[in-house]
Every structure is written in structure tokens, then in C-alpha cells.
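Reviewing the structure listed below.
Protein chains: 4
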Amino acid sequence: MNVGLVGVTGYSGSVLYELLRRHPNVDQVNLYGHAQKVAQSLNEVLPQLRSRSSILPYDPVEITKNNQVVFFATSAGVTTNLATPFIEAGFPVIDLAGDFRLKSRETYKKWYKKSAPKTEYLEKSHYGLADFYEVNDAKYVANPGCYATATLLALAPLIQNHLVDTSSIVVDAKSGTSGAGKKPNEMTHFTKTNENLQLYKVNQHQHIPEIVQQLQIWDKSVPYIQFTTTLLPLTRGIMASCYAKAKPEITEDDVRNAFIRTYSDDTFVNATEGVFPTLKQVVGTNFCDIGYQLNPVTHQIVIVSVIDNLLKGAAGQAIQNFNSMFNYTPETGLDLTPVLP
Amino acid sequence: MNVGLVGVTGYSGSVLYELLRRHPNVDQVNLYGHAQKVAQSLNEVLPQLRSRSSILPYDPVEITKNNQVVFFATSAGVTTNLATPFIEAGFPVIDLAGDFRLKSRETYKKWYKKSAPKTEYLEKSHYGLADFYEVNDAKYVANPGCYATATLLALAPLIQNHLVDTSSIVVDAKSGTSGAGKKPNEMTHFTKTNENLQLYKVNQHQHIPEIVQQLQIWDKSVPYIQFTTTLLPLTRGIMASCYAKAKPEITEDDVRNAFIRTYSDDTFVNATEGVFPTLKQVVGTNFCDIGYQLNPVTHQIVIVSVIDNLLKGAAGQAIQNFNSMFNYTPETGLDLTPVLP
Amino acid sequence: MNVGLVGVTGYSGSVLYELLRRHPNVDQVNLYGHAQKVAQSLNEVLPQLRSRSSILPYDPVEITKNNQVVFFATSAGVTTNLATPFIEAGFPVIDLAGDFRLKSRETYKKWYKKSAPKTEYLEKSHYGLADFYEVNDAKYVANPGCYATATLLALAPLIQNHLVDTSSIVVDAKSGTSGAGKKPNEMTHFTKTNENLQLYKVNQHQHIPEIVQQLQIWDKSVPYIQFTTTLLPLTRGIMASCYAKAKPEITEDDVRNAFIRTYSDDTFVNATEGVFPTLKQVVGTNFCDIGYQLNPVTHQIVIVSVIDNLLKGAAGQAIQNFNSMFNYTPETGLDLTPVLP
Amino acid sequence: MNVGLVGVTGYSGSVLYELLRRHPNVDQVNLYGHAQKVAQSLNEVLPQLRSRSSILPYDPVEITKNNQVVFFATSAGVTTNLATPFIEAGFPVIDLAGDFRLKSRETYKKWYKKSAPKTEYLEKSHYGLADFYEVNDAKYVANPGCYATATLLALAPLIQNHLVDTSSIVVDAKSGTSGAGKKPNEMTHFTKTNENLQLYKVNQHQHIPEIVQQLQIWDKSVPYIQFTTTLLPLTRGIMASCYAKAKPEITEDDVRNAFIRTYSDDTFVNATEGVFPTLKQVVGTNFCDIGYQLNPVTHQIVIVSVIDNLLKGAAGQAIQNFNSMFNYTPETGLDLTPVLP
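Protein chains in written order, with this note's numbering: chain Z, 20 to 360; chain S, 20 to 360; chain E, 20 to 360; chain D, 20 to 360.
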């Protein structure tokens with residue numbers, strides 16, 4: 020089949036393009052520039068890809084005609100406007116931006132400072148947390164955010180199984196600069212980021228509402244989370260160090276069994292008790308590695324999950340949703356080489 | 020006065036040497052190698068210092084004769100053996116290692132896997148948390164560990180004022196490689212550390228017992244802490260991101276007032292509500308910058324403190340203790356230039 | 020076919036393993052540990068590869084029986100001893116180490132400080148500079164060194180076409196730490212390499228003799244080269260900045276034509292006049308990008324070539340030689356994704 | 020005395036401020052914003068300095084009234100306009116920008132793409148290469164550029180003593196990002212600079228004309244230089260790797276004697292035969308370390324010099340010129356601590 024991709028010039032767009040190009044079930048990847056009126060050579064904007072492809076002008080009619088699905092790897096706010104014809108036509112969309120992840124328009128507006136899509140569209144969209152939900156018949160997949168993916172995968176076993184005090188959840192998340200956007204600004208100037216740690220949007224990161232929304236689906240009693248984000252002097256990767264207070268009666272066995280039950284069949288998520296992952300071990304891959312441990316004295320549980328923010332946190336998970344949507348096996352097109360050494 | 024320094028070749032030793040050299044009240048810094056039998060040229064082992072000094076053979080008699088105080092910047096286990104003559108003679112010692120920080124020999128042995136000094140010596144030693152304790156008449160100052168300093172300064176206002184549930188304390192600490200030791204090993208190989216985050220000694224770091232010891236002095240009810248240490252791809256700095264659940268009746272005002280009361284007179288510690296420090300802003304200085312915030316929904320408090328691990332976390336605090344010991348003003352010899360930009 | 024690989028635990032060995040695993044014409048990669056007597060789980064030594072394979076004990080009889088070719092990614096000095104049975108049997112070997120690259124035993128001993136293989140073996144070995152030489156009937160391929168690859172690809176057009184004063188060649192080469200060896204030492208300690216540039220083995224690097232050997236094949240008059248190597252604070256990549264004085268009569272056209280003639284048909288080498296490559300643009304790929312320019316005032320030519328030292332400088336070029344040996348098309352198994360962004 | 024400083028917010032301006040503040044002969048540093056109409060708190064724009072100073076509105080009358088000298092650490096193009104009243108009044112100026120370094124207006128315009136100052140002003144300005152020239156009676160000091168300083172110090176002994184073929188000079192220079200400007204742009208985005216080397220302005224860097232101008236003063240026969248600049252993934256430091264062909268009759272002794280003669284009395288420049296410096300060993304100091312070696316086979320000389328681009332390459336050399344201008348000893352205010360470890 021042919022697939023369309025809008026937004027190849029962004030970080031996750033370029034990574035997604037490379038995955039789609041090599042996907043066994045994809046014949047051709049058609050590129051479209053969402054703000055483009057004329058065709059542009061991909062090699063001009065992304066010479067690193069050494070591609071002879073063109074980025075075609077944006078045309079929803081052409082997109083639906085020449086492809087069986089379209090991926091949007093655009094900035095927040097773009098699909099709110101552009102998705103409508105596809106939704107109306109029931110044409111499959113996998114959207115890497117945040118526009119359709121939240122069910123509540125007010126919450127979206129509060130966090131993204133933009134107008135949200137129509138409620139009926141939000142209701143139809145499927146939150147694509149691929150390790151937990153098959154796409155089934157959904158036509159609009161809202162691919163989760165990177166921080167959200169790392170955090171939800173870490174917390175799922177504990178929250179689903181009601182093992183912790185839900186008001187004690189702390190997430191200390193750390194990300195490389197490829198999660199901070201392509202546009203040069205003061206914070207990501209090399210001189211500012213190098214040899215430095217910079218907190219930003221403490222308790223304000225726009226991934227918080229989708230994390231809370233999903234946690235509340237698993238356990239209504241989750242009021243909120245403490246969420247700290249720190250920018251690291253490295254390019255790729257997210258580490259979410261999560262902490263939660265176990266309920267008094269919960270034992271190490273309960274914790275272990277929860278992680279085993281949740282992830283033993285999962286292709287991409289690996290959870291190990293007492294062994295904590297390094298960030299680099301997942302970079303270049305679609306894996307999420309998790310280490311967890313119940314502290315016998317304080318009865319707190321530490322859960323550390325690592326992902327490649329552009330793969331498991333974006334393009335890789337998009338491919339998982341694509342495979343689910345079209346009934347390919349979960350690991351199709353995702354047998355990736357880690358970045359060695 | 021003249022001062023003696025044992026251990027100039029270690030990271031904190033070399034930084035301490037540079038501070039002592041420039042201290043207005045120090046005439047001469049005499050260097051001694053704790054395992055040396057003959058004099059050695061400092062320029063041979065540390066050419067970076069461009070010094071013509073010699074490292075003299077170790078001789079406690081000579082040390083006490085030619086100096087008014089001796090600093091030890093040696094590895095854990097050295098002062099346990101070498102400090103005895105000085106303690107017996109009541110000769111002033113400032114010890115940057117962990118040997119004399121703990122009051123309990125069993126605790127020391129459990130965490131450091133080495134024999135501890137004699138109990139009577141431990142009882143006499145002064146835990147040199149300089150922003151809280153003057154040295155007064157104490158002759159043996161045990162300079163706190165770097166992680167311990169960052170953590171204690173962050174938590175002090177909340178613990179001293181009993182504002183939090185003491186079993187909810189979480190410390191997510193991150194350090195540069197200059198805190199991880201000079202000896203090449205697999206973990207600190209550039210290829211391993213670069214572009215990576217590595218957790219180590221989770222809940223096992225040897226700074227934990229001194230942190231708990233001090234917290235328990237402030238509030239007996241502190242049972243333990245959850246303490247995670249992560250190695251960062253940068254050279255200098257420690258960030259301790261701390262979390263604790265406020266007691267139900269505690270308000271933002273209570274939190275703010277605690278920090279203001281604790282630090283308003285402090286030369287080196289700056290705490291600001293809602294403004295979180297970057298790591299780099301303290302590197303090269305003896306400052307500890309702290310940002311804190313009470314989360315209105317979860318009622319958790321996040322406190323982020325940053326220090327330069329070799330200065331505030333070691334050599335700088337040693338100078339603070341030196342100033343206290345000899346009644347110099349607190350900032351003497353500590354007007355340091357940050358590493359710009 | 021099945022292939023054997025000895026030395027998977029080294030940096031280039033692990034990268035080579037990943038390439039062979041995905042090579043369309045390779046059914047199975049059999050791993051052997053050159054110093055191993057019993058089988059070992061690959062996951063124990065290289066968990067990053069998430070592999071269920073075993074590293075089998077070393078046995079040349081088993082190797083020749085179960086494979087059609089064997090790759091050695093061992094340290095210098097190993098194949099000098101181990102290659103004999105394969106050479107005697109005429110069994111195909113692709114050797115990533117330096118043992119068989121030089122034709123002169125004295126030169127080898129002088130540079131590597133080790134005994135060289137027998138002269139008759141050296142004579143039979145094929146220097147696998149893949150963009151210039153097909154393997155044809157050769158059975159023993161000595162894969163060039165990484166610095167040598169970058170340098171020879173940069174200089175070939177000028178030397179083959181006798182465009183420069185051969186005593187004016189200057190190579191200022193810069194490499195990431197993955198080229199400096201896995202064993203932790205003082206130089207590659209993160210604290211030493213970070214924020215630093217370190218020259219090493221100036222005019223003494225063991226790649227110099229093979230560079231000179233090859234240049235002299237193209238032009239006898241090359242006496243030697245000035246070769247500076249600098250260690251960079253990054254993991255992967257080599258940049259060779261080369262300079263040579265053009266002969267008085269040589270023009271820009273001559274230079275341009277030489278590069279075009281040499282590389283227009285080459286799959287992997289791209290040379291552009293006046294456009295200089297960044298290091299990162301080739302990392303993760305088997306490409307060598309070159310920028311060159313004749314300085315109209317000084318009549319010097321600057322040529323900057325970049326490669327991924329573990330791919331084009333080692334494993335990737337080994338696959339090129341493998342493809343040549345078995346008549347696969349040049350790019351088979353080498354359609355690699357750059358490390359984005 | 021009091022000194023004025025215009026441009027404290029730039030990288031070299033902030034470093035210069037820290038040096039002036041601690042200079043034994045400076046009572047007060049008055050700050051002025053060249054484009055400011057009202058006073059501004061320094062802490063607002065540079066909180067890292069933790070200063071209570073103000074940046075006063077720009078007023079040349081006030082500047083000359085309240086200070087004995089004014090330093091300009093502004094961008095190129097500013098002093099061309101603002102310096103006039105000071106030059107007319109013969110008021111001492113030390114200018115860190117490039118506006119007054121070149122004697123030829125055409126050359127300046129060609130390289131900086133801006134209008135140059137008047138010829139009579141250019142004639143009066145003193146090129147402040149402090150290790151070679153005392154300021155004497157000059158009132159306007161044009162502080163050399165960072166790349167220029169590293170390069171001229173490396174080449175001086177060879178050029179002054181006419182030991183090399185002047186048309187063979189190659190400079191392969193590498194700089195950290197603090198030399199590339201504070202304004203965020205694509206090149207210095209962390210994601211672009213990290214793990215990368217980027218050549219820029221090859222043979223076009225605006226420091227080239229001042230390097231050539233100075234070399235030609237030492238030896239008219241210098242036609243030009245080959246000058247390559249590479250941006251490194253680190254913050255501070257410049258390494259200039261220089262190469263030149265020795266004249267046929269020149270020996271190792273000639274080269275060694277030239278370096279010894281040139282630098283044996285120099286406080287800040289250290290040249291060693293056969294020992295090459297690392298970049299970091301000078302960072303935080305005003306030293307320039309040089310390693311050199313004559314290659315016996317190719318008869319080329321390699322000279323590697325390293326400086327801290329913001330100190331020896333800017334603010335530190337400005338203090339040297341200040342000391343010279345006011346007859347303070349050369350090292351006054353320049354006893355700086357290296358950045359350890």
C-alpha cells in the first residue's frame with residue numbers, strides 16, 4: 020500500500036519517513052508539506068536523507084486518492100485545522116501531534132493555549148497507546164506524546180492494579196534536545212544546554228493532561244501527578260524516573276506480579292525488578308526498558324523507564340499503531356538496530 | 020598561617036589546593052602525599068596547576084609542626100588510619116572523606132564495607148554542614164559528602180519545621196562524572212557516559228546514612244529516604260530533585276516562610292519559590308541555589324537544589340569550615356567566578 | 020550462506036554483527052570467541068543487542084565446516100596467530116584488524132610493536148580498500164583502518180592524478196572515542212575527554228604505514244605524510260582534514276575533474292567542490308562525504324572527508340568487501356539509516 | 020582607578036567584567052549599555068553574575084568623566100560608530116571587537132561586509148597582540164580576535180625568523196561554541212552541534228585579514244594562509260593546528276631556538292617541543308600552550324596552540340593590554356584558576 024506523510028521536515032517526521040520507507044508492507048511513501056503550494060525537493064530541506072523524493076503540495080483530495088492512510092507529524096495546532104476532511108470521510112489518520120489526544124476541549128485549550136478540535140471529533144479519536152490498545156476500527160489515531168509514553172508504560176502495572184496511593188505519584192522526567200523542538204531558541208543554544216540541566220514547564224508540560232486522562236481511565240482516584248521535566252545535554256532519549264507510595268498491604272510479590280502480568284507478552288516493553296536501564300540502551304530502537312523496585316523501609320516504589328523519544332515516543336509507536344490498524348504483526352518494520360556502542 | 024593538605028592529586032584535593040592558595044589568611048600550603056616516602060614534584064602529577072610546589076613525604080610530626088591545621092582530601096578508608104595522632108593531639112583536622120561522618124561504627128561498616136574509626140573518635144568529630152553548624156571548639160571536622168550537602172540543604176527547612184510526611188521523601192539526584200572518581204572504569208568510559216544516563220547504587224549510595232543521620236537530628240521520625248543517583252554526561256555539578264508530601268494543614272505560606280527563615284541570612288544558599296535553578300549557574304562557585312514549589316493539587320513539594328560537587332560539595336564547604344574554625348568571615352576565600360557563559 | 024564472526028564483543032564486531040544479521044544473503048551468523056573454550060551467551064556480554072545467540076568456543080575446523088567465510092573483528096595481533104589454518108586452506112577471511120594490511124614485516128613490527136605474519140601470507144593478502152579494488156579471487160581480505168579509509172578516499176583523486184606536491188601532504192584527523200578502544204584508560208575517562216581535545220600518537224599512529232603504502236602504489240614519489248590525530252568529545256565519526264599543495268600548473272578544473280572521474284560511479288563516496296560536510300551527516304551510514312577546494316591564492320587544496328569510523332571505517336567496508344567477494348551488488352545490506360536528527 | 024565597560028551582556032563582556040571586578044588596581048567597574056537609554060539592573064540580564072550593579076545608559080560624556088579608560092566588548096560595527104568622541108579626545112579605549120584591527124578600509128569592508136572607520140582612526144589604533152607589543156602611548160587598542168591570537172602566537176617564531184616557506188602555511192582551527200555568538204541559530208542549536216563537527220567560513224573567516232596583516236609585518240612574503248574553522252561540541256577553547264614547510268636548510272635546533280627565544284620571557288605563552296597540549300589545560304586561564312615538532316621526513320613543522328577563546332582570546336588579553344597601558348605588571352589580575360579537573 021501507499022502511505023501519505025505530512026511533516027517530514029520535523030524531527031519525528033524524518034524518523035517516521037525512514038521507518039515507513041523500509042516497512043515491508045509499504046510500497047511508496049508520498050510526502051506532503053502542510054503549508055506548501057508547490058512541490059519541493061526533499062533533498063533541499065533534508066539533505067541528510069539523501070533522497071530523490073519530492074514533497075508535494077498539500078491537497079487532501081490527492082492524499083485520500085493516492086494513499087490508504089495519512090500520517091501527520093506536524094506541530095500542535097495543525098491537524099486541528101487540517102484533519103477535518105479526513106475525519107468526515109472516515110479516512111485513516113495517524114496523528115503524531117497532541118491535537119486529538121485529549122477528550123476535553125477545555126483541558127486542551129488550558130494546556131496548549133490553542134483552540135481544540137470539535138468535541139465529536141475528539142470523541143472519535145483513539146488514544147494510540149499501542150502496548151495497551153489495538154486500533155480496531157478507529158479511523159483517527161492520536162499518537163501519544165513522548166513523555167506520556169514513557170510515564171504511562173512505567174506506571175501502568177501499578178495503577179491498573181491499584182497498588183499505590185494515587186496522590187503520591189512523582190515523575191522526574193529527563194529528555195534530550197530532540198524532544199525540545201527544531202526551532203533555535205535560547206534554551207537549546209549549545210552553550211546553554213551543554214554541561215547543564217535545565218528544568219522547564221515544571222508541572223506545566225502539555226503531556227500532563229494526557230497522562231492524567233489515561234491514568235484516570237485505569238483508576239479514577241488519580242487526582243493529578245507531580246511532573247518535573249529536565250532538559251539534558253544529549254540528543255535522543257527520555258528517562259522517566261517515577262515514584263509512588265505502595266499501599267500498606269502491598270508486597271514485593273504484588274509489584275513483581277503486576278509488571279510480569281502486564282508486560283510478559285509485550286514485544287517492546289521489558290520490565291526487570293531491581294535492574295535499572297541506562298538511557299542509551301534503547302536509543303535507535305522501539306523498546307521501552309523499565310526497572311522497578313519496592314523500597315522495604317519507606318514502602319515507596321521507584322520505576323525508571325527509558326525510551327527513544329523519536330521512536331517509541333513518536334515514530335516507532337506510530338508504526339505500532341499502523342501495524343495494528345492494518346493487521347500486520349506488531350514488530351513489522353520495527354526490527355531496528357540500537358545505536359552502538 | 021600555614022596549612023597542610025594531604026591528597027592534592029584527587030579531584031577535590033586539587034580544587035581545594037587552588038582555594039587555599041588564594042585564601043587571604045593562608046601564607047603557605049604544604050602538600051603531603053599520604054602514601055609517599057619521598058618528595059614529588061606537583062607539576063609531575065598535576066601539570067594543569069602549573070605549580071613549582073613539592074608534595075612532601077607523609078609525616079604527621081612534620082605536619083603538626085609546620086602547620087596550624089591539616090586538610091585530608093583522601094579516599095574513604097585513609098583517615099581512619101592516619102587521623103589518630105592528630106585526634107590524640109587535638110590538632111585541627113578538616114577531613115573531606117566519609118570516614119568520620121557517621122556516629123555509628125556499624126552503619127559505617129555496612130555502607131562503606133570498611134572498618135570504622137573508634138567510637139570515641141567518632142563522637143568527637145563534628146559533621147561540618149557549614150550553613151547550619153559553626154565549628155566552635157571542635158578539632159575534627161568531617162566535611163559532608165557532595166550528594167549529602169545538596170540534599171540536606173534542600174530538605175532542611177521542611178524537616179526542621181516538620182512540614183512534611185517524613186516517610187514520603189524522594190531524592191532523585193544527578194551528578195557529573197567528577198563526582199564518580201578519577202580511576203578509569205567501564206561506567207565512566209567516555210563511550211559509556213556520553214549521550215547516556217546511568218543509574219548506580221540506587222538506595223545504596225554511601226551518602227545515604229549521613230543524610231538520614233542528619234535528618235533524624237532535625238526530626239526523629241524520618242525513617243529513611245528513597246535515594247536514586249544518576250550519572251550524567253557532564254563534568255561538574257549535582258542536582259538533587261527532592262519531593263515530599265506536605266502535611267495536610269501545611270500551606271504555601273508555611274513552606275515559603277520556612278525557606279526564608281532558614282536561608283535569609285545565609286551567604287551561600289539562595290532559595291526561590293517557583294523559580295528552578297539550572298545546574299550550570301552554580302558551577303565554579305560555592306553557592307547552592309534552590310527552587311521549591313508546593314503543588315496545590317497533589318500537596319507535594321518539589322525542591323530542586325544545585326551545587327558544584329567539587330566546591331559546595333567538597334572543597335568550598337571545607338573552606339567554610341576552615342573560616343568557621345579560625346573565625347574568619349564566612350565568605351573569605353570564596354568569592355569565586357562562575358564558569359561563564 | 021552462513022558466515023562466521025570472531026570478535027563480536029568489540030565495537031566494530033558488534034556493529035558488523037548487526038549488519039550481517041540483516042544482510043539479505045546471510046542465513047546465519049555464527050559467533051566465535053577467539054579466546055573462548057566454552058560457549059557463552061551473547062546476551063551476557065552484549066545485552067544491548069538483545070540477542071539469544073551464543074558465542075561458540077573457538078575452533079577453526081568447526082568454522083570452516085559451518086560457514087563460507089569468516090570475519091575477524093579482533094584486536095591487532097590475534098589474526099597473526101589464528102589466521103594460518105584459513106590461509107593454508109584458502110578459506111575466505113575478512114580481517115578487520117591491521118595484522119595483514121602491510122606488505123613489509125619490518126614496517127609492521129616498527130609500527131605495531133608486534134611480530135608480523137609470514138611474508139608469503141602478507142603477499143597473498145588483499146588490501147580491501149573497497150571503493151578502489153574488487154576482491155576478485157583473493158581469499159584473505161585485510162580491511163583498512165578507519166583513519167586510513169577516510170584519508171585515502173580524500174587523497175586518492177589528487178594522488179592518482181599526480182596533481183600535488185607529494186611532500187606537502189598534511190592530514191589533520193579527528194576521531195570520536197569509539198575509535199579509541201573499549202578498554203577504560205586515563206585518556207578516555209569521561210572527565211578527561213569531555214570539553215577537551217587530545218592529540219595522540221602525532222606522526223605515530225599505526226594507520227600511517229598503510230596510508231603511505233597505498234599512496235605510494237598510486238604515486239611512488241610520496242615520501243611520507245604529516246599525520247595528526249586528535250580525540251574528540253563525541254562517540255562516532257572521523258573527519259580527515261587534508262591539505263596538499265597543487266603543482267603550479269594545476270587548475271580548479273583539474274581538481275574538480277579528478278574528483279568527478281574518481282567518484283562519479285561510486286555508490287558510497289560523494290565529493291562536492293566547495294561544500295564541506297559535517298561529521299554527523301554520515302554517522303549511521305556507509306557513506307563517505309568529501310568537500311574540496313583549491314585556494315586560489317596559496318594554491319593549496321583542502322579536502323575534508325567524513326566517515327562513520329565503525330561503518331565505512333570498519334564493518335561497513337567489510338560488508339563491501341564481502342559483497343565483492345561473493346558478487347553481490349555493492350550496496351547489498353548497506354542501505355542504512357543515518358542517525359537523525 | 021575606575022573603568023568603564025560597554026557590552027557586559029556578551030560572552031567576552033561578562034568574562035571581562037569578572038576580571039575587572041577582581042583587578043587589584045580597579046576600584047569600580049562602571050557598566051554602560053551601548054543601545055540603552057535608561058539604566059538596567061545587571062541581575063536582570065545576567066543573573067549568573069549575582070551582581071547588584073546597574074548597566075547605565077550610554078553617554079560618552081559621562082564615560083570619560085567617571086572613568087580613566089573604557090572597554091568595548093560589543094559586536095562588530097558598534098565601535099565604528101561609537102568610538103569617535105573617545106578617539107578625538109584621546110581618551111583610552113580597549114576595543115574587543117574587530118572594527119579597528121585592520122589598517123585597510125577596503126580589506127575591512129570586504130571581510131566584515133560593513134563600512135570601516137576612518138583611515139586616520141585606523142592608523143592611530145594599536146593592534147594589541149600583547150605578548151609582542153606594549154601599548155606605550157597608544158590610546159586606542161584593538162584587541163585581536165580569538166582565532167587570530169591562537170594562530171599568531173603559534174606562527175610568530177617561525178615567521179619572524181623566516182624559517183618556513185610562507186606560501187605553505189595551513190591553519191586547521193577548531194573552536195567551542197562560546198566563540199560562535201550568543202544569538203541562537205541553526206548551527207549552534209544543541210541538536211546540530213552535539214556529536215558533530217561543522218566547518219564554517221572556510222577561508223572566509225573575518226580573522227584571516229588580521230592574521231595575514233600581522234604575519235606580513237613579520238615577513239612581507241606571506242601571501243595568504245589556508246584557514247579552516249571547525250565548530251566543536253564544547254563550550255570554551257580554541258585549538259589552532261598549524262602546519263608549515265620548513266626551508267630546506269632549517270633544522271630542529273633552528274626551530275627549537277626560535278620558540279625558546281620568542282617565548283622564554285613570556286609570562287603567558289609556553290612552548291614545548293614534541294609535547295602537544297590538550298585544549299582543556301588552558302581553559303579558565305590566560306595561558307597559551309604550544310606544542311611543536313619538525314617532521315624529519317617531510318620537513319614540515321606542526322605547531323598546535325590552545326587558548327581559552329574568552330580569556331587569552333579576548334578578555335584576558337584585554338587585561339594584558341590594560342596592564343601595559345597603565346604600567347601594571349603583566350600578570351596583574353590574571354592569576355586565574357584553571358577549570359579542574
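Glycine is no exception: its CB is placed at the ideal position from the N, C-alpha and C atoms.
Under 8 Å between C-beta atoms of residue i and residue j
{"i": "Lys56 (chain D)", "j": "Pro79 (chain D)", "result": "no"}
{"i": "Thr254 (chain D)", "j": "Thr99 (chain Z)", "result": "no"}
{"i": "Asn162 (chain Z)", "j": "Asn340 (chain Z)", "result": "yes"}
{"i": "Thr317 (chain Z)", "j": "Ile244 (chain S)", "result": "yes"}
{"i": "His181 (chain D)", "j": "Val160 (chain D)", "result": "no"}
{"i": "Ser73 (chain Z)", "j": "Leu50 (chain Z)", "result": "yes"}
{"i": "Phe119 (chain E)", "j": "Pro104 (chain E)", "result": "no"}
Unbroken beta strand (DSSP E) run spanning residue i, endpoints
{"i": "Glu292 (chain E)", "result": "288-292"}
{"i": "Ser324 (chain S)", "result": "319-326"}
{"i": "Ala161 (chain D)", "result": "159-161"}
{"i": "Ile113 (chain D)", "result": "112-114"}
{"i": "Asp150 (chain S)", "result": "Looking at the DSSP string, Asp150 (chain S) is not in any beta strand (DSSP E), and its letter there is neither H nor E."}
{"i": "Val190 (chain Z)", "result": "189-194"}
Residue-chain proximity (residue i, chain Z), Cβ-Cβ < 8 Å
{"i": "Glu214 (chain D)", "result": "yes"}
Within chain E, partners of residue i - CB distance below 8 Å
{"i": "Asp308 (chain D)", "result": "Per Cβ cutoff of 8 Å: no residues; Asp308 (chain D) is ~12 Å from chain E at best."}
Interface flag, residue i vs chain D, CB-CB below 8 Å
{"i": "Thr356 (chain S)", "result": "yes"}
{"i": "Gln67 (chain S)", "result": "yes"}
{"i": "Ser197 (chain S)", "result": "yes"}
{"i": "Pro252 (chain E)", "result": "yes"}
Under 8 Å by beta carbon: chain Z residues contacting residue i
{"i": "Ile244 (chain S)", "result": "Thr317"}
C-beta neighbour in chain E for residue i, strict 8 Å
{"i": "Pro360 (chain Z)", "result": "yes"}
{"i": "Val34 (chain Z)", "result": "yes"}
{"i": "Tyr30 (chain Z)", "result": "yes"}
Endpoints, the alpha helix (DSSP H) within which residue i is located
{"i": "Tyr127 (chain S)", "result": "124-131"}
{"i": "Ser343 (chain D)", "result": "335-344"}
{"i": "Lys143 (chain Z)", "result": "138-143"}
{"i": "Arg173 (chain E)", "result": "According to the sequence as given, residue 173 (chain E) is Ala; it is not Arg. Residues 165-179."}
Interface residues of chain E facing residue i [CB-CB closer than 7 Å]
{"i": "Gln300 (chain Z)", "result": "Gln67"}
{"i": "Asp191 (chain D)", "result": "Asp191, Ser260"}
C-beta neighbour in chain S for residue i, strict 8 Å
{"i": "His187 (chain Z)", "result": "As written in the sequence, residue 187 (chain Z) is Ser, which differs from the His given in the question. Yes, Ser187 (chain Z) counts as interfacial toward chain S."}
{"i": "Glu205 (chain E)", "result": "yes"}
{"i": "Asn314 (chain Z)", "result": "yes"}
{"i": "Asn222 (chain Z)", "result": "yes"}
Interface residues of chain Z facing residue i [CB-CB closer than 7 Å]
{"i": "Leu218 (chain S)", "result": "Phe295, Val323"}
Neighbouring residues, chain D, relative to residue i (Cβ below 9 Å)
{"i": "Glu142 (chain S)", "result": "Those do not exist, as Glu142 (chain S) stays about 35 Å from chain D at its closest Cβ, beyond 9 Å."}
Proximal residues of chain S, C-beta to C-beta of residue i below 9 Å
{"i": "Glu292 (chain D)", "result": "None at all; the shortest Cβ gap to chain S is about 16 Å."}
Within chain Z, partners of residue i - CB distance below 9 Å
{"i": "Glu37 (chain E)", "result": "Thr356, Pro357, Leu359"}
Exercise. Let me know the alpha helix (DSSP H) ranges lying completely inside the stretch 234-307 of chain D, each 4 residues or longer, listed in chain order.
Key: Whole alpha helix (DSSP H) segments, 4+ residues: 271-282.
* **Every unbroken alpha helix (DSSP H) inside the stretch 199-226 of chain Z [4 residues or more]** => DSSP runs (the alpha helix (DSSP H)) wholly in the stretch 199-226 of chain Z: 209-212.
*asked:* So within the stretch 23-105 of chain S, which uninterrupted alpha helix (DSSP H) runs reach at least 4 residues, ignoring any that extend past its ends?
replied: Every alpha helix (DSSP H) of 4 residues or more that sits fully in the stretch 23-105 of chain S is shown, in chain order, as 30-41, 61-64, 79-85, 97-101.
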